[in-house]
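Okay, structure first, notes after.
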Amino acid sequence: MMTQQDPWMRLADEALAGQGAMEAEQRFHDLLERLPAAAYTCDSQGLITFFNRPAEKVWGRAPRLRHERDRFCGSFRLFTPEGKPIPHDECWMARALKTGEPHNGFEIVIEQPSGAQVVALAHANPLRDRQGHLIGAVNVLVDITDRKRAEQERRELETRVFHAQKLESLGVLAGGVAHDFNNLLTVITAQATLALAEASHPSPLSSMLQEIIIASERAADLARQMLAYSGRGTFVNQHVRLDAVVREMAVLLRTIVSKGATLELDLSRACVDGDATHLRQVVMNLITNASDALAGKPGVIRIRTGVQKLSAPMQSACMAEPIPPGDYAVVEVEDSGEGMSESVLARIFDPFFTTKVGGRGLGLAAVLGIVRAHHGLVDVTSQPGHGTRFTLLLPSAVAHASVMPRANDAPSSCSNGSCGTILVVDDEDAVRRVALRVLERAGYRVLLAAGGREAQRLFREHRHEISAVVADLTMGEIGGIELIRSLRAVDPTVPALLMSGYSSEDAASISALGVPFLAKPFTANMLATTVREVLAERGGGGISAA
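The numbering of the sequence shown is this note's numbering, which starts it at 723 and goes up by one.
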C-alpha cells in the first residue's frame, strides 16, 4: 500500500539533491584549479562558468563569468596553426556544445591582448547530468608553445645545416672542376703565347692566336670566380683597411651603378689581414648586386664599415659552422630594392643561380667563398618590398703578413746564353710539356718528373746541376710542399716555385713565408719571368727542412 509523500519532505529531498549537485560542482572546480594546464567550463549556452589561473595566464586576460560577450572562450583572438582566424562560436568548445561530442587534441593559436601568441592543444568534452542531458562542457588547453618553438628551431637548424653542407659540397665540386680546368687552360694559354711569338705580325694566324688568348683569359676569370666560391683561390695576405677598400670601390663604381641609385657611406676604421684583391671583389660584387636590386629605379645603397665584438658564437644560415667570439671587422651593404622571397634567398649563394638576364650567377657565390676563406661570416636579411642587407664579419687584424706578388706578364731574358737547369714536377703530362717548351725557349735546360718520387731521384742524381725546382702543389703520393721540404733537407738553398690550379691553406702558409706561388693558368712569359725572379732570389728564405 503506497502512501502519498508529504509535500514538505519532497521539497527537502529536492533541496538536498541540489545541495549535492553544488557540492559536486565545487569539487570539480577544485580539481580543475589544481591542474597544471589551463581549464575552464561553460554552461549549455556557452557562457563561461569557471576558469582556473593557468587559463587566465594563457588567455592574457580574465573573462567575465556568465557574460554574453565572453561566450565559448576567454581568448582575445583565435587562429588556426596556418594563421586563419577562428570565430569564437566555431572554436572547439563551441563545437563540443553544438555536437555533444568530444573534440580532443586540436591545435590552436591564442592571441593575447598584448599581441603575444600561445600555441595550445584543445581538449573540449561535453558535460551531462545524471539523466544524460547536456549541461555544459569543459575545455583543457595544454600550452605547447615552448615545444613548437623548439621544433621550429630544430627545423631551422636542420635546414641551415643542410643548406651550408650543400654549399660546401658545391664548393668542393667547383674547386675540383676549376683545378682541372686551369690545368687545361695553362696548356692552351702558354702554347698560344708561344705560337704568337713565332707568328708574323700582322697576319690572320696572329689574329686567331690573339682570339684564343683572349678567350682563355675570360675562361680563366670564370675559373677564378669558381675558386673564390670554393675558398681555394690564390690569396695574398696583407694588412687591409676595409673602409679604404669600400671608399675606393665606391668611387670607381659610382659611374656604373643604377642611374637612380644614391650611395650613402658610413665608414669607420675596420682592419683585417686578408687578400686586398679578393676583398675588393667582395665589395664590388655586393655593390653591383645592390644596384641590380634597384632595377633602374631610384633608391639608396647604404654601405657601412666598423668593428663589432662578439661575446658568443654567431651562426649564419649559409655557413656550416659558427664563428667564435672575438673582435670582427664589419661591412654592411643595404639596398632599398624589391627584396627577395624566401625561395630566392635560399639559393642566392648557389653557383650559377641568377635572377638577372645574362648573369652568370657567380658574384654572390664568390663573396661567400672569399669570406669563408678569410674565416668570416656572411649574413643576409631580406623581405619582398623591404630591400636586402648583406652583413660580413671578418676577423680583425692581429698580425701582418707579406708574400711575393704574382708575376707580371712581362718577357724574360737570360744572360750569358745559359740560364741553368730547372726541375719541373707536375702530374699532368700536358703541363710538363708546355713548361719544357717555355723554359727551353727561355734558355734553360729542363728535367721533367711526373711525381714526387721521380723528382727526388732526379734531384739526387743532378743535385749540383739543378738551379731551381718548379713543382705542382697538389700531386698524388707526394705533394709540392712535402717534396720541397725533402729536397731542402738535401740542399737548404735550392730555389723553389710552387704552382697549382688552386691554392690551399698550405699554399697560403708558404706564401706568407716568402715562397713564390704561381697560379694556373699562366702565359709563357709569366712562367719564364717568375723562374728568373726565383733564381735572382737564390739563397733567400723559404720552407725549412724541419
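Glycine included, C-beta positions come from ideal geometry on N, C-alpha and C. Keep in mind that this is a model prediction, so the values were computed, not measured.
Are the beta-carbon atoms belonging to residue 819 and residue 854 less than 7 Å from one another?
For residue 819 and residue 854, no; Cβs fall outside 7 Å.
Return the chain-ordered list of same chain residues with a C-beta closer than 6 Å to the C-beta of residue 1024, the five sequence neighbours on each side being excluded.
Setting aside the 5 residues that flank it on each side, residue 1024 is surrounded in the same chain by 986 and 1056, each with a C-beta closer than 6 Å to its C-beta; the list follows chain order.
Under 7 Å, do residue 1059 and residue 1015 count as touching if we go by C-beta distance?
Yes, Cβ-Cβ distance for residue 1059 and residue 1015 is below 7 Å.
Along the chain, where does the alpha helix (DSSP H) that runs through residue 815 open and close?
Element bounds for residue 815: 814-821.
If you compare alpha carbons, which of 1019, 1029, 937 and 968 is closest to residue 1008?
That would be 968, whose Cα lies nearest to the Cα of residue 1008.
Using three-state DSSP, classify residue 1257 as helix, strand or coil.
It is helical.
Identify which residue in 1072, 1044 and 1028 has its Cα closest to the Cα of residue 1051.
It is 1028.
Whole angstroms are fine: how far does the CA of residue 1202 sit from the CA of residue 961?
The C-alpha of residue 961 lies about 27 Å from the C-alpha of residue 1202.
In whole angstroms, what separates the C-alpha of residue 1113 from that of residue 1192?
One C-alpha to the other measures close to 41 Å.
Alpha carbon to alpha carbon, what distance is there between residue 1101 and residue 1280?
Given that the chain is displayed from residue 723 to residue 1268, the structure contains no residue 1280 and the question cannot be resolved.
In three-state DSSP terms, what is residue 1249?
Here residue 1249 sits in helix by DSSP.
Taking the alpha-carbon positions, what's the residue 1095 to residue 1030 distance?
Going by the C-alpha atoms only, they are around 20 Å apart.
Counting only runs of 3+ residues fully inside the region 1138-1211, write out the beta strand (DSSP E) ranges in chain order.
Within the region 1138-1211, the complete beta strand (DSSP E) segments at least 3 residues long are 1143-1147, 1167-1171 and 1188-1194, listed from N- to C-terminus.
Since residue 1171 contacts residue 1180 with CB under 8 Å, what's their CB separation in whole angstroms?
About 6 Å separates the two Cβ atoms, so the contact holds.
Are any of the Cβ atoms in chain D nearer than 7 Å to that of residue 1016?
In the structure shown, chain D cannot be found, because there is only a single protein chain.
Under DSSP, the alpha helix (DSSP H) around residue 1008 begins and ends at which residues?
Its alpha helix (DSSP H) spans residues 998-1016.
According to DSSP, is residue 1020 part of a helix, a strand, or is it coil?
Three-state result, residue 1020: coil.
Taking the straight line between their C-alpha atoms, what separation do you get for residue 816 and residue 794?
So the alpha carbons of these two residues sit roughly 6 Å apart.
Status (buried if at least 16 other CB within 10 Å, exposed otherwise) for residue 913:
With a threshold of 16 other beta carbon atoms within 10 Å, residue 913 meets it and is buried.
Compute the distance between the beta-carbons of residue 780 and residue 761, then report whether it is under 7 Å.
Annotated as distal: residue 780 and residue 761, with beta-carbon spacing of 7 Å or more.
According to the neighbour-count rule (16 or more other Cβ atoms, all chains shown, within 10 Å of its Cβ), is residue 972 buried or exposed?
Counting Cβ neighbours within 10 Å, residue 972 comes out buried, since at least 16 surround it.
Let's test the definition: count the other Cβ atoms within 10 Å of the Cβ of residue 1249 and tell me whether it reaches 16, buried, or not, exposed.
Answer is buried; the Cβ neighbour count reaches 16.
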